[in-house]
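Sequences listed follow chains X and H, in order.
Per my numbering, the first sequence runs over residues 1 to 550.
Per my numbering, the second sequence runs over residues 1 to 260.
Structure, as structure tokens:
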Amino acid sequence: MTLRVIWFLIKAQFNLAAQLELLGIGRKQKYKHLFLLLIVVALVPFVTSIAVSARALTIASSMVGAWDLPAVLIVSLSQIICVFFGIPHVLSSLYFSKDLKRLKVLPLTPFQIAMGELAPLYLSISLILAVFFWPFAAVTGISFHMGPIFWLNAVLVYLFSPLVPLGLSLLCLTLMMKLTERLPGKDFFRVLSSLIFFAAIVFFQSINANIGTSLSDPGRLVSSLYGYQTFSSRLSRVFPPLQWAARALSSDGPYTLWYSLGFLAASLAFLTVVAAAVSNIVINLSAETQLRRRARAEQIVQVLPDGVTLALLRREHWNLTRTPAFLMTAIMNLMVVPLLLLVSRAATSHGPASLPGLLNQLRGNSLLVPAITGFSGLLVATNQVPSTAVSREGKSFWISRLIPVPPEIQVNAKLLYGMLYGTAQLLVLLISVCFFRILDVASIARLASLSLALTLPLTQIGLLVDLLHPRLQWTHPQQAMKGNYNGLIAGLLGALLVAALAGLFWLFLRMGLGMRVATLAVLPVIGVISAYLQAAVRRLARSQYLQLEF
Amino acid sequence: MIELRSVSKSYARSDKPAVDSLDLEVKNGEVFGFLGPNGAGKTTTIKMIIGLLRPDRGSIRVEGIDVVKNPISAKRVLGYVPDDVDIWDKVTGREYIRFLASVYGVDSKNLERVNALLDAFELSPVIDDIVQNYSHGMKQKLAIIGSLVHNPPVWILDEPIVGLDPRSSFILKGLMRSHASSGGTVFFSTHVLEIAERICDTIGIIHKGKLIAAGTLEQVKELFASKENQSLEELFLEITGAKLPPGTDRIPGSLGWCDV
Ligand SMILES: Nc1ncnc2c1ncn2[C@@H]1O[C@H](COP(=O)(O)OP(=O)(O)OP(=O)(O)O)[C@@H](O)[C@H]1O
Ligand SMILES: [Mg+2]
């Protein structure tokens with residue numbers, strides 16, 4: 001019975017067509033294959049870089065005689081990877097799950113349901129782990145001329161690595177659910193967990209980059225790895241089976257099989273015990289809706305009505321910030337620049353080609369302001385906020401059609417909201433620029449005004465694209481924003497505009513205009529383009545709000 | 001007041017019109033019940049009146065305002081409750097009401113009535129909950145209250161009784177009656193014939209997009225008078241040509257006993 005349920009859930013989870021639908025790719029067979037091909041192609045450089053790092057590591061550790069270092073790293077990093085990918089997965093499938101409701105009505109025990117939900121997770125985490133584990137293990141095995149027992153151990157360790165992290169994630173989840181039982185912000189945790197996840201990626205990037213920079217010097221590589229090794233040994237002291245797993249991978253004597261079998265049994269036992277202990281709590285808590293009943297004695301609605309535009313802006317803001325899928329995208333867009341700078345800074349803090357060094361060289365370069373303006377333009381063009389503004393309303397769009405507010409005013413509110421968001425992006429960029437002190441005050445002022453002016457036509461383009469063909473019939477918010485082609489189209493068109501303006505700027509410079517004059521000359525061009533776009537927005541708003549039928 | 005003059009509407013990818021040259025007039029102070037089997041064109045008609053759909057032909061006026069030519073003014077005098085309520089999931093009931101009050105330009109003094117309605121429909125305790133957490137009936141009640149925030153002269157409801165508990169449907173029926181008696185117009189579609197029989201001043205029966213009977217209950221009965229004391233249900237079945245599956249017993253007599 002349990003097995004049948006598990007199998008059913010695996011099939012449901014891996015329903016590729018549905019997953020692709022979620023991404024907005026549709027059910028077409030052709031696209032499906034193309035998409036898979038793209039994923040594989042994208043993985044090639046990643047796998048290669050892991051293999052190269054592993055090769056350097058094996059050479060380095062054999063030079064200093066630390067033969068078990070690769071094995072320790074494989075095992076401990078596998079655990080960390082599984083935990084980082086496991087927590088968001090467990091969260092989304094047990095905390096936010098929709099089919100949990102359906103499963104609960106079936107005659108299944110909580111343990112069966114929990115196991116059934118964990119099995120598909122196990123498979124997807126294993127797939128993710130494979131990308132890291134196998135290049136690393138293969139290079140190690142080949143470099144150290146390991147025999148067949150090593151490979152058998154590797155398979156066992158690989159297969160059983162996700163179990164303990166899954167158990168840990170389940171424990172974390174239970175703890176979190178217990179703690180937040182009375183809080184209203186269920187959605188908040190989804191965003192939080194995604195951010196943790198993102199931070200984890202940044203963390204890995206920096207490790208990767210640190211290993212990368214010290215590749216040429218094996219001694220330093222080992223010393224920089226020493227930190228991780230002590231971390232790993234601490235990890236294995238808490239949980240000895242990890243040490244067994246590492247032993248199983250560090251030589252190929254037949255006795256090592258006992259180590260991997262011990263690891264296997266301990267992992268399996270851990271997960272089973274945890275699941276048996278907490279499944280009841282998790283399953284019961286997760287299906288509860290959290291009603292926030294707050295009875296009030298006095299007047300119930302003491303609303304002080306806002307102005308129309310303010311009300312529309314509020315509505316936009318609620319919709320964007322209270323829908324986790326939308327909020328994620330919005331926050332990511334805002335954080336891209338600081339994260340980019342932070343990661344590259346962490347990665348290259350020492351070398352001669354470090355980011356601060358590079359920026360120092362650029363300081364005073366007169367092309368810096370137009371270049372950063374162009375970059376900020378690209379950020380705004382691809383932010384998906386205006387380009388999905390109508391789509392995000394979804395099936396509730398009837399309310400916008402019903403209220404006695406002219407379409408152009410409604411669309412202008414969306415435009416304003418998009419501008420505010422673009423301005424926030426710009427502010428983050430400016431703060432980052434100030435942080436590195438690469439521009440003087442006058443240049444920053446020029447950058448700010450130029451970028452702000454550019455935000456207007458880019459926001460208008462986004463709105464135009466979405467007005468032309470809004471995607472209103474969605475069931476999952478993901479389809480409205482991330483999986484919405486309108487964001488992509490608007491991004492491309494916006495990039496075209498940025499490129500055209502850059503070309504014009506270059507032309508002005510070639511004509512012998514000075515940098516400042518050229519900047520001043522571009523501004524009216526942007527103004528004229530915006531005026532035309534605004535007329536188009538107005539016209540399209542009128543016709544579309546009338547024509548879109550329900 | 002609602003006036004439809006030879007209104008037709010076909011959906012794309014469909015050769016048969018969903019609504020076919022419909023003529024209809026509902027006067028102020030009337031509760032009008034719009035009856036018809038599934039797929040008859042009730043929702044389509046309603047959506048044209050409130051401006052969610054554009055008629056292919058014909059004209060629609062509410063309070064004398066043409067809804068196609070003058071949509072914004074028309075929307076001001078209309079209140080609408082949809083058949084399946086899709087209110088923004090992530091706003092609270094209070095925020096929804098506040099939004100509507102703002103866009104209709106209602107000032108807070110006129111919201112006393114809204115408070116009374118929230119109390120009557122027992123929504124006050126959940127007013128600070130997001131709509132996502134509401135039950136189906138709670139969403140429907142919020143939509144009903146929302147449609148009355150600006151005190152519209154013309155109130156249009158698409159199958160409003162379905163999904164309401166007895167207490168709420170009782171209140172709603174009272175509201176519809178009092179709306180009409182204070183000079184407003186109520187236009188609602190329903191499948192529950194007893195309700196139509198009890199609270200409507202006039203009814204219209206639509207079948208396959210065509211209006212086949214309209215007027216007061218007595219007028220409609222006279223129009224199709226074949227038997228004395230025919231119930232609205234029997235009349236409805238006769239007019240819409242319903243074929244009962246073999247072996248079904250006809251329930252004799254009126255269903256008027258059913259005290260709803
Ligand atoms: N979006 C649509 N696209 C195409 N055809 C539609 C659409 N909506 C309704 N129809 C068709 O129009 C006709 C009238 O539908 P309508 O929804 O107006 O019926 P109704 O009287 O409200 O029925 P019910 O009592 O079931 O609510 C039906 O034949 C239906 O198939
Ligand atoms: Mg209907």
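Each residue gets a CB set at the ideal place from its N, CA and C atoms; glycine is no exception.
Not a single heavy atom of ligand 1 lies less than 6 Å from the C-beta of Thr240/H. By a beta-carbon distance limit of 8 Å, Gln460/X contacts Leu415/X. Their separation comes to about 7 Å. Within the stretch 28-83 of chain H, the beta strand (DSSP E) runs of at least 3 residues that lie entirely inside it are, in chain order, 31-35, 57-62 and 78-81. With 16 or more other Cβ atoms inside 10 Å of its own Cβ, Trp318/X counts as buried. In this structure, ligand 1 has no non-hydrogen atom nearer than 6 Å to the beta-carbon of Ala214/H. Around the beta carbon of Asp129/H, 16 or more other beta carbons lie within 10 angstroms, which makes this residue buried. Taking the Cα of Asp252/X as reference, the smallest distance to any Cα among Tyr417/X, Ile149/X, Ala381/X and Ala521/X is reached at Ile149/X. Applying a distance threshold of 5 Å between residue Cβ atoms and the heavy atoms of ligand 1 selects Tyr11/H, Ala18/H, Asn38/H, Gly39/H, Ala40/H, Gly41/H, Lys42/H, Thr43/H and Thr44/H, given in chain order.
DSSP lists Phe32/H and Ile156/H as the beta-bridge partner residues of Phe187/H. For Asp83/H, the shortest C-beta to heavy atom distance toward ligand 2 is below 6 Å. Sequence-ordered contacts of the stretch 399-430 of chain X with chain H read Ile399, Arg401, Leu402, Ile403, Pro404, Val405 and Pro406 [C-beta pairs closer than 8 Å].
For Leu106/X, the secondary structure class from DSSP, reduced to helix, strand or coil, is coil. When Cβ-Cβ separations below 7 Å define contact, Phe99/H makes contact with chain X. By the neighbour-count definition (other C-beta atoms within 10 Å, threshold 16), Glu222/H is an exposed residue.
The residues Val81 and Val85, in chain order, have a CB closer than 6 Å to that of Ala143/H in the same chain once the five nearest residues on each side in sequence are set aside.
Residue Pro240/X holds the alpha-carbon nearest to the alpha-carbon of Val164/X among Ser49/X, Met146/X, Pro240/X and Thr373/X. In the three-state reduction of the DSSP assignment, Glu122/H falls in the coil class. Annotation: Phe46/X to Ala502/X spans about 34 Å, alpha carbon to alpha carbon. Here the alpha carbon of Val390/X sits roughly 28 Å from the alpha carbon of Pro160/H.
Between Tyr80/H and chain X, the shortest Cβ-Cβ separation is below 7 Å. For a cut-off of 8 Å, the C-beta gap from Leu91/X to Phe160/X is around 22 Å, too long to register as a contact. Nearest in C-alpha terms to Val380/X, of all of Thr174/X, Gln361/X, Trp398/X and Gly418/X, is Gly418/X. When DSSP states are grouped into helix, strand and coil, Val26/H belongs to the strand group. Beta-bridge annotation (DSSP): His207/H is paired with Lys210/H. Contact between Glu197/H and Leu217/H holds, with the beta-carbon distance rounding to 7 Å and staying under 8 Å. Ile526/X: member of the alpha helix (DSSP H) spanning Met515 to Gln547, first to last residue.
Burial state of Leu43/X is exposed, judged by a 10 Å Cβ sphere holding fewer than 16 other Cβ atoms.
Look at the stretch 315-337 of chain X: the residues with a C-beta under 7 Å from a C-beta of chain H are Arg315, Trp318, Asn319, Arg322 and Thr323.
Residues of chain X whose Cβ lies closer than 9 Å to the Cβ of Asp83/H do not exist; the shortest such Cβ separation is about 11 Å. Non-local C-beta neighbours of Ile50/H in its own chain, meaning closer than 8 Å and more than five positions away in sequence, comprise Val67, Lys75, Leu78, Tyr80 and Ile156, ordered along the chain. Partner residues in the beta bridge of Arg5/H, as assigned by DSSP, are Ser59/H.
Spanning the alpha carbons of Leu257/X and Ala248/X requires a straight line of approximately 7 Å. Within the stretch 137-169 of chain H, no residue has its Cβ closer than 8 Å to any Cβ of chain X.
By the 16-neighbour rule on beta-carbons within 10 angstroms, Asn38/H is exposed. Residue state for Thr373/X is assigned as helix, using DSSP reduced to three classes.
The Cβ atoms of Ile399/X and Pro457/X do not sit closer than 7 Å to each other.
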